[in-house]
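For reference, the structure discussed in these notes is given below.
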């Protein structure tokens, strides 16, 4: 399966990631994929805010389209528990996966970015085969 993970590199990506994390359980999977697509498509419009407040203001209409009110957005961004979870995940990705740039493709925490498509497909197939063998041996 494909898992989208944000990588927090600055306050801008932190803000967008927090809002995504808050809205995900409230919308369908297809709407979640749509909002990610919309964020990337409109990134040039919201990423260059002069302050994090500008970024939040620019992101607000995108999240409103998917039913997240401005007050819900503010409440989300003030969630310190979620903030700590995201920062812990960032540290884990750096320490365990060696993640240092985006975009980056990892298969079982091994970087495949920059690899040829056949090599990437082989790494993915090998990872899936290993998982299948592990699951079969547990039965």
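Residue numbers (this note's numbering): -12 to 126. We treat Cβ as the ideally placed atom computed from N, Cα and C, and that holds for glycine. Nothing here was measured: the structure is a model prediction, and the numbers come from that model.
Exposed or buried, which one is residue -12 when buried takes at least 16 other CB atoms within 10 Å?
Reliability of the predicted coordinates at residue -12 is poor, the pLDDT of 49 falling under 50, and the value obtained from them is presented with this limitation in mind. Result: exposed.
Quick one: residues in its chain with C-beta nearer than 8 Å to the C-beta of residue 5, no 5 flanking neighbours on either side, listed in chain order?
Excluding residues within five positions, the ones whose Cβ falls inside 8 Å are 63, 64, 66, 69, 70, 73.
For residue 50 versus residue 23, is the C-beta spacing smaller than 8 Å?
No, the pair does not count as a contact, with Cβ atoms beyond the cut-off.
Could you have a look at residue -12 and say whether DSSP puts it in helix, strand or coil?
Here residue -12 scores only 49 on pLDDT, less than 50, and its place in the model is too uncertain to base an answer on.
Residue 41 lies in the alpha helix (DSSP H); which residues open and close that run?
Its alpha helix (DSSP H) spans residues 39 to 52.
For residue 55 and residue 7, what's the separation of their Cα atoms in angstroms?
Taking the straight line from one Cα to the other gives about 10 Å.
By a C-beta neighbour count over all protein chains shown, 10 Å radius and 16 as the cutoff for buried, is residue 115 buried or exposed?
Result: exposed.
Less than 8 Å between C-beta atoms, sequence neighbours within five positions excluded: which residues of the same chain meet that for residue 25?
Closer than 8 Å at the Cβ level, and outside the excluded window around residue 25, lie 49, 52.
I believe residue 2 touches residue 43 by the beta-carbon criterion, under 8 Å. Please report the beta-carbon distance rounded to the nearest angstrom.
The Cβ separation is near 6 Å, so the contact holds.
How long is the line joining the alpha carbons of residue 45 and residue 113, rounded to whole angstroms?
Looking at the two C-alpha atoms, the distance is approximately 42 Å.
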